[in-house]
């Protein structure tokens with residue numbers, strides 16, 4: 148076992164030795180609030196958009212699934228802005244719930260259309276299983292969203308009455324939106340071939356999910372800087388495999404990843420530049 152671990156780390160060291168990426172000392176990470184807001188946040192948003200873009204390039208059929216994923220992100224953002232004011236009766240709580248309800252109705256329509264009209268099963272037998280899994284994930288998402296619609300309708304009807312379920316609103320909506328988010332994450336890479344899916348899942352869980360959650364919750368630069376080392380290693384692993392590895396990805400995807408890599412390094416250089 149020890150020999151295996153030595154060989155494993157030796158192999159990875161050799162692989163990274165031939166790949167140029169930006170080294171840094173996390174203890175020296177520092178950035179002004181102005182640079183963080185005006186430069187780093189927009190760059191992180193661009194990286195996130197580009198991740199979804201290369202997913203579409205790898206599998207164009209996932210475009211509709213990614214639109215559905217984007218709608219759930221809007222709902223999570225709306226709930227993040229609403230939950231703190233829904234501890235008592237207030238117009239702000241009502242307005243927030245109505246916004247989430249509107250988004251939930253749109254998602255219900257999009258899911259219904261996709262499941263009934265646009266989703267088709269491939270002729271290739273090896274893709275049937277992945278399509279069935281995708282269908283199952285979207286069906287689960289449809290049911291979770293229906294629960295949201297039903298719950299919000301109950302809240303809006305009983306809002307200014309003693310029947311308003313204060314103790315349930317945070318638990319029900321929060322849990323449902325969390326489960327919807329996890330379900331979408333499975334769906335958005337579900338039809339990729341296994342070796343490529345593994346890499347996209349890895350960089351999602353260890354880089355882009357952290358970035359998306361950070362942008363949604365606006366936790367500030369300290370939270371981001373505390374995760375900088377993990378983010379850097381995760382990104383470099385993905386970037387190396389997409390551009391220097393043996394994975395069969397479209398040339399256009401490889402080129403976009405190179406641009407993303409330069410964008411990420413530019414973020415690091417802003418953080419670590421000498422003062």
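Numbering (the working numbering), first residue to last: 148 to 422.
Each residue gets a CB set at the ideal place from its N, CA and C atoms; glycine is no exception.
query	result
Nearest-angstrom Cα separation, counted from residue 379 out to residue 349	13 Å
Nearest-angstrom Cβ-Cβ length linking residue 216 and residue 250, presumed shorter than 8 Å	About 13 Å; that fails the 8 Å criterion.
8 Å contact criterion, which residue 214 and residue 257 should meet: CB distance rounded	7 Å
Whole-Å CB distance - residue 368 paired with residue 178, under 8 Å assumed	6 Å
Three-state secondary structure (DSSP) of residue 340	coil
Buried versus exposed, by CB contacts within 10 Å (16 or more), residue 205	buried
Candidates 361, 292, 336, of which the one nearest residue 198 by Cα	336
CB contact flag (residue 287, residue 346, <8 Å)	no
Status (buried if at least 16 other CB within 10 Å, exposed otherwise) for residue 423	The displayed coordinates of the chain run from 148 to 422. Any statement about residue 423 would go beyond what the structure contains.
Contact belief for residue 343 with residue 394 at Cβ below 8 Å, rounded distance in angstroms	6 Å
Cα-Cα separation between residue 332 and residue 299, rounded to whole angstroms	24 Å
Reference residue 397; option with closest CA among 203, 192, 185	203
Residue interval of the alpha helix (DSSP H) (run including residue 351)	Element bounds for residue 351: n/a, residue is neither H nor E.
Residue 233: first and last residue of the uninterrupted alpha helix (DSSP H) it sits in	Neither: residue 233 is in no alpha helix (DSSP H) and is coded neither H nor E.
Reference residue 316; option with closest CA among 231, 189, 420	231
Anticipated Cβ contact below 8 Å, residue 225 with residue 285, distance rounded	Not quite, the Cβ-Cβ distance comes to about 21 Å (not below 8 Å), so this is no contact.
From 235, 208, 212, 243, residue whose alpha carbon lies closest to that of residue 222	243
Residue from 304, 185, 323, 192 with nearest C-alpha to residue 241	304
Residue 376 versus 324, 366, 418, residue with shortest Cα-Cα distance	418
Burial state of residue 420 (16 or more Cβ within 10 Å)	exposed
C-alpha gap between residue 311 and residue 302, whole angstroms	6 Å
First and last residue of the uninterrupted alpha helix (DSSP H) at residue 199	188 to 205
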